[in-house]
Structures are given as structure tokens and as C-alpha cells.
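Student: Residue numbers (our numbering): 7 to 807. Structure below; questions to follow.
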């Protein structure tokens, strides 16, 4: 990651865990439509299997009784058998367009049961016949395919649980939505997420916030390092990922260090059990050009090994003057069976992003009289010679070993190397204001080179155990991570007085750069031990208890310079996690949770000393419910998040030329409401609303640049009478924001839309329109301002291989 200062003195499908120990009542409702006798389900009204047609399913893995209940509700299939047969068994779930025969075979795979038909053609649940001795050769194939098709991530607790059963708010953005809305960049994807605000105050560095605080951690497959100063440099190509999870609140069990805002987790695409893929070709406004390929191949006849290749290349101009982005991403992954009980996965990701005429910093818009300048949306402070290039290579290896039917061990290793090169130009005002003739700006040229490396090793044990007559879940893990960084800067910078803004891209020539010197050099090491258990206290009441203990050590110079060594600064903390869920009905659940987390801080006080670690505390209560045969999930949450000792700007040190900070306690309280799923046969919807209040120690509003209310809506449907046409819209609304002494933005609404027409079974044409009503707005006011993009359009051809 490139390390350089800013003029502001800162860097300017889920697998269910048993929710019902044995949900006899719920399963009986679907298995038994005729009557129940002494725990046995009698023969229900017959439905001939051959008469049923294929339909699409997307039911994740989980307890067999839960999976069967959902399948029978969606399919309308009737089944007779004993509920006791399902006790303690896990199902791989079922996905894809299948007939009832095939769907039942898929969801019963590996359970030791089968759905046979009686002499009247009715389905009956029975034990499967024991395999013959010569059959063991098939076991590895079944095992690896089960793991491959039904992967899960660990939500907020490090336990494999359904979103509904997790006592914390979690939102997901699926690849299907990203494709429909033509989203290829991580910033645009996160703008769609409930409760997440994207503060893109430069063209290559971005801050995210949730519940009023900076999101300090982004992960890939549950592993990652903290974001320095809460910032992310560059953007990831979303075509590489299956989905994005947005976990809000403190997540000590999941992340080790962080704050009370939340965690962003990108979930990689993995090999599947089927050959095939897709190609996307896109063109549009601002000379946008993009091509992407995703292809999966089963490499052995028995299906024990498979590989997947994902490639994306994008080249585009921008609504901002002279800005040009070129990005290439390549991802390859192989996975296979090792022995009878092991699964090995290893992959590599290469990303190269090059930016010409980037903006370092933002626009200065205020005049001294309290009014704001109004420039064209293309306004940029950059010069034509500026560049901002980043390259990274990530490799990972995972080994999963089944120790028994109930327990598995997993070892993960992740290595990342990155380098950056910048030639930048910042325009700022000593007073913070423009003169009435739009003069008053001073230029700051800057050049740097940087390199960074990180290594993460994690080993954990996950499984189920019996106690007090019930089955419970547990995870125990140990991880260690290390990150090193080195940045060089170049002498030769001068600080010219600039002409009236907006000026051209050639008003200041590139300096003759001088000698190179070390600007920052440091490392960070985190060792953490984590453990959690989900206890089935009663059939309806579940408790989650966990702890995360960390040792964080930082050494070297300040991350962004400043001349003071961290001198092996060490933080040792332990964070608890406590949660409880209660099944109000089979489809509704109430929950409460508490957790805290710690984060070392990069900011200094007036004496130049680093501030003590900040403590984030999160408490929330809520209700989650499933509707329409579990096709729609709703969440209502009330939360309280507090940052204790949070670094807050207190003044400017003219000698050191940097801001200084003081620790403050900041409290965020609010509500979150979300509904996501399917309404009817062809309509999908995601709607999320967040309202919060941010106050300081004095009880007054603070961090006024964070919107207090946001609304996100995505809906798409098939057009009646035109089955080959699908249309949708995404709407984002936020309340007004401002910055003391800076710019402000009134409440605004941005609407995007798409229309996809299927030309054939393999080809589809898609039109995307962004900022449909051509709204002019500032996309952030946190550190200056940048105008959002005007109306733009893309046309894509999607082809299935």
C-alpha cells in the first residue's frame, strides 16, 4: 500500500447451524398433511413423482430437518416417514433447477437416507442401503463435492450459522445483483449495502463507515489485516467474488481487532462440480471498455479435482477531467480431495490498477462569506503528469480435514505482496476558503514508491458435541498475522501559487525530483486466540458465548511519517461476545447480543505521542422473521455502539505541519431495518433503512459528515408477458451532511436502472443506466468534496459457456 501524507495530516450461502435441536412440529407440518401417530408420520395424500416438473432451488446446507422443511414448503412435494430419522443428521442442501427426484437425492446425499417410492408412487423417507465393499472409491468424490458446492462463511461469530440465527445484523450483496446492475468495482458494490456509507473523497483512496464510525477491517474469506486510518487504497474487481457480506457492529470473534462499526468480507468464487462459465463484454459512457471471463473445469473423471479461472480487464475515462483508469484482475483456484477425509484448496490473485490524472485530496468549495462555489461536475485539481499505480499478488492455501462426522480441522495460510508508485498533486488553501475570484489555492507535488507484505496463518477446530441431552456447536482457533511496509518519498517538491480554479491540467509542470529517502518503515504483528460455542439451552432458546484474546505489536516509524518510532508498542486485550436467540415461532426469532473490540490508533496527541488503543462496544436487540415460505427475510434491530477513546481532531500543529488529536468517547444509537428475498415467482427485493444519532461526551452531535438516515432499495422482476425481459432499479437516499468550516450537501436521491433481454438460452443483452435523473451532488464532504458522476450508460453482452 502506498504510504504518503496528506495535507490534512492524515491519509488525505450460509450453512445453518441447528436452530432447532429437533423441530418436530415444523417438520411435521410439511411431512404430515394427513395425520400424526406416536411420532410416526402417516402416509400423506399421494403425489406421483413423475408428474412433478423441475424447478429452481437455493437451499443451503444445514440440519436435515430444517432443509427438508424448507424443501417441502417450496416444492409442494409430499413425503411420509419418521421424524426421528432426521435427528442429528446434516444435509448438503440443494441448489439448481432439478426435478423432485433429483432434488431429494441431492439434499439427502451423505445422510444415510433416501427418498424411495412405494407401490402407489408416493415418496417415503427410508434408510439408504449400506454401500457394498467395492464402493469406497466413491466416497472421496462425494466428500469433495459436498464441500465444494455448499461452502459457507462464518458470519459474525466464526460459527457456521444462518443469517437469521445470528444475533447480529448481516447483509449480503450477491454476485447476481452485481451482474444485473453492472457493478464491477468494490466501492460501487458497497454503496448498495444496507448501513454502509462510502466516503470516496479522492479517486484512489476511500473510507467506509457504518453506524457512524470508520470501518477498520475488510477481509477476504474471513481473513485480512486492518485498514490503516480506516482507508482502502484502490478498488477490487467484484467479478472475482461470489458475494460480499456486511457485518455490522463489533466483531471480536471474527476479526481480532477493529471497532464498533462492522466488517466487510469479500467471499471468493470457488470451483464447482460442473464445467462451464460465462463471458461478459461491456462498453459505454466515458469510453468504458470491459471484458471478463469466468470458467470452471472438473479436472478428473471422479470429480475429486476441479479448477476455476476468473479474468477481468477494464479500461475507462471518467466524468472528472483527464482521469483515466485501467485495471486487470486474474484469479485462479484449484481444489481437490486428499485421501478419504481431506480437501486441499490453493489459489492466486493478481491485480494491477493504473490511474492517470488522479485526484489527491478533494475540492475546496467554501468562500469566506459562508457560500459554496458551484463548479462543473468534471472539476479536478489534478495535473496531466500525475499517476497512481498499484499492483498486488495474493496466494492462499487451505486444508480441511474431517476428523469425524461431527468435527473438522482447518488450516489456512494467506500471503500478499503489494507495491505502489505515485506522482501526485494536491491543491489546498491555507485558510480553508477560496477567494471570491476562485484563487487562493496552493499546489503540493508529491512522489513515492512503496512495498508491503503480509502473512496470515489460521488454524481452527469446528464441530458439534452432545451435552445435557442436546447437541451444541463450538469453534476453537489460533491465528497469527504479520504485515510489513516500506515507503520512499522524493525530494524536489515546491509549493506554487495556483491560478483561479478550475484550472487546466498543464498549469504546473512535473518537478525535477531529487533524492529518495525513507518516509515510513514499520511492521505489525497480531496473535489471537478465539473460542465460541452455541448452546441449545432449550428447543427454542440458544445462547452464544465466546472470547477473543489478542496480542498486537507495532514497530517502526509512524505509518505516514512524523519522525517518531512506535518502538515495539504492544497491546494485549481480551474481548467477550455474548448472544442469545429465542424462537418466537418457527419463522420468527428474537435476539440480543453484546461484544467489544480494541483497535490501536495511528493518530498523535499535541505532544506527538500516539493515542492509546480505542475500545469499541456494541449492543443490539432485534427480531428476524421469514415470510412467504421462507423466501423473504426481515430484520429489525436497535443498536448502541460506543467508541471509547476515539482519536478526534483537536487542532493543527504549525511546526510539525500536521493535525493533532485527542481521545473522545463517541456514542451511536439507532435502528436498522432490512427486508431481502423473493416476492412472488419472479420478483426479488432488498430494502434497508438506517437511522442513527451520533453524540460526543457533551451529548451534542458530532461527525456531522455522516448521514443520519439512509435508505437503500433494490428490486428487479420479469416483465409480465415478456418472459425474456427482466428489469430492475436501485435507489439510494441519504439525509443532508456537512463539515464544520467545509462543504455541505442537502439530502439527495440517486436512482439506477437496468433491463436485460435474453436473446437465447446462452446470450443476454443488458442496458444499465446510472444516476437516471442526472442528479448533481457531492459524493462526500468529509475531507473536502468531489462531485458524483452524472447520468451514464453501459451496454453489456453476457454469454454462457
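Built from N, CA and C at the ideal position, the CB exists for glycine as well. Since this is a predicted model, take the numbers as computed values, not measurements.
1) Rounded to the nearest angstrom, what separates residue 441 and residue 749 at their Cα positions?
2) Assign residue 792 to one of two classes, buried (16 or more other C-beta atoms within 10 Å of its C-beta) or exposed (fewer than that).
3) To which residues of the same chain is residue 589 closer than 6 Å at the C-beta, ignoring the five residues directly before and after it?
4) Distance check for residue 254 and residue 526, CA to CA, integer angstroms please.
5) Just curious, the alpha helix (DSSP H) that residue 700 is in, first and last residue?
6) Could you check the C-alpha separation between residue 763 and residue 309 for me, to the nearest Å?
7) Below 8 Å, can you find three or more Cβ-Cβ pairs linking the stretch 435 to 454 to the stretch 484 to 504?
8) Which runs of the beta strand (DSSP E) fall wholly inside the stretch 626 to 679 and span at least 3 residues, in chain order?
9) Confirm, please, whether the CB-CB distance from residue 628 to residue 643 is below 8 Å.
10) Rank 483, 406 and 469 by C-alpha distance to the C-alpha of residue 477 and give the top, closest one.
11) Give me, in chain order, the residues of the same chain whose beta-carbon lies closer than 6 Å to that of residue 675; leave out the 5 immediate sequence neighbours on both sides.
12) Output the distance between the C-alpha atoms of residue 147 and residue 737, rounded to the nearest integer angstrom.
13) Just mark residue 97 as buried or exposed, buried being the case when its beta carbon has 16 or more other beta carbons within 10 Å.
14) Between residue 32 and the rest of its own chain, which residues show a CB-CB distance below 6 Å, the 5 nearest in sequence each way excluded?
15) Which two residues bound the contiguous beta strand (DSSP E) that contains residue 808?
16) Quick one, which of 493, 544, 513 and 541 has its alpha-carbon nearest residue 522's?
17) Among 342, 634, 453 and 533, whose alpha-carbon lies nearest the alpha-carbon of residue 489?
18) Straight-line CA distance for residue 104 to residue 576?
19) Taking 8 Å as the threshold, find out whether the stretch 400 to 407 comes into contact with the stretch 416 to 427 through three or more Cβ pairs.
20) Under three-state DSSP, which class holds residue 106?
21) Does the structure place the stretch 180 to 187 close enough to the stretch 757 to 777 that three or more beta carbon pairs sit under 8 Å?
22) Tell me whether the beta-carbon of residue 169 lies closer than 8 Å to the beta-carbon of residue 179.
23) State the DSSP-derived secondary structure class of residue 165, mapped to helix, strand or coil.
24) Counting only C-beta atoms, is residue 789 closer than 8 Å to chain B at any point?
25) Please say whether residue 732 and residue 742 have beta carbons closer to each other than 8 Å?
26) Assuming residue 248 and residue 275 are in contact, meaning their beta carbons sit under 8 Å apart, how far apart are those beta carbons, in whole angstroms?
27) So, helix, strand or coil for residue 77, using DSSP?
28) If you follow the beta strand (DSSP E) that residue 547 is in, where does it begin and where does it stop?
29) Taking the alpha carbon of residue 191 as the reference point, which residue from 241, 621 and 61 has its own alpha carbon closest?
30) Report, in whole angstroms, the separation of the C-beta atoms of residue 515 and residue 499, which I expect to be a contact under 8 Å.
31) State the start and end residues of the unbroken alpha helix (DSSP H) segment that holds residue 193.
32) Keeping to the same chain, check which residues put their C-beta closer than 7 Å to that of residue 702; ignore five residues upstream and five downstream.
33) Kindly list the residues whose CB is nearer than 6 Å to the CB of residue 806, restricted to its own chain and excluding five residues on each side of it in sequence; keep chain order.
34) Please work out which residues of its chain come closer than 7 Å, Cβ to Cβ, to residue 390, disregarding the five sequence neighbours upstream and downstream, and give them in chain order.
35) Are residue 435 and residue 789 closer than 8 Å when you measure CB to CB?
36) Under three-state DSSP, which class holds residue 770?
Tutor: Straight from the coordinates:
1) 15 Å
2) buried
3) 546 and 595
4) 32 Å
5) Where residue 700 is concerned, there is no enclosing alpha helix (DSSP H), although the beta strand (DSSP E) it sits in stretches over 689 to 701.
6) 34 Å
7) yes
8) 638 to 659
9) yes
10) 469
11) 646 and 699
12) Residue placement at residue 147 cannot be trusted, given a pLDDT of 45 that sits under 50; the coordinates are not used to answer.
13) buried
14) Because the pLDDT at residue 32 is just 37, under 50, the model does not fix this residue reliably, and the value given afterwards should be weighed accordingly. For residue 32, where only same-chain residues beyond five positions count, the Cβ hits under 6 Å are 75 and 592.
15) Outside the shown range of the chain (7 to 807) lies residue 808, about which nothing can therefore be said.
16) 493
17) 533
18) 56 Å
19) yes
20) helix
21) yes
22) no
23) coil
24) The structure shown has no chain B; it contains just one protein chain.
25) no
26) 5 Å
27) helix
28) 547 to 562
29) 241
30) Rounded, the Cβ-Cβ distance is 13 Å, inconsistent with contact.
31) 192 to 196
32) 670, 672 and 708
33) 284 and 768
34) 328, 363, 511 and 512
35) no
36) strand
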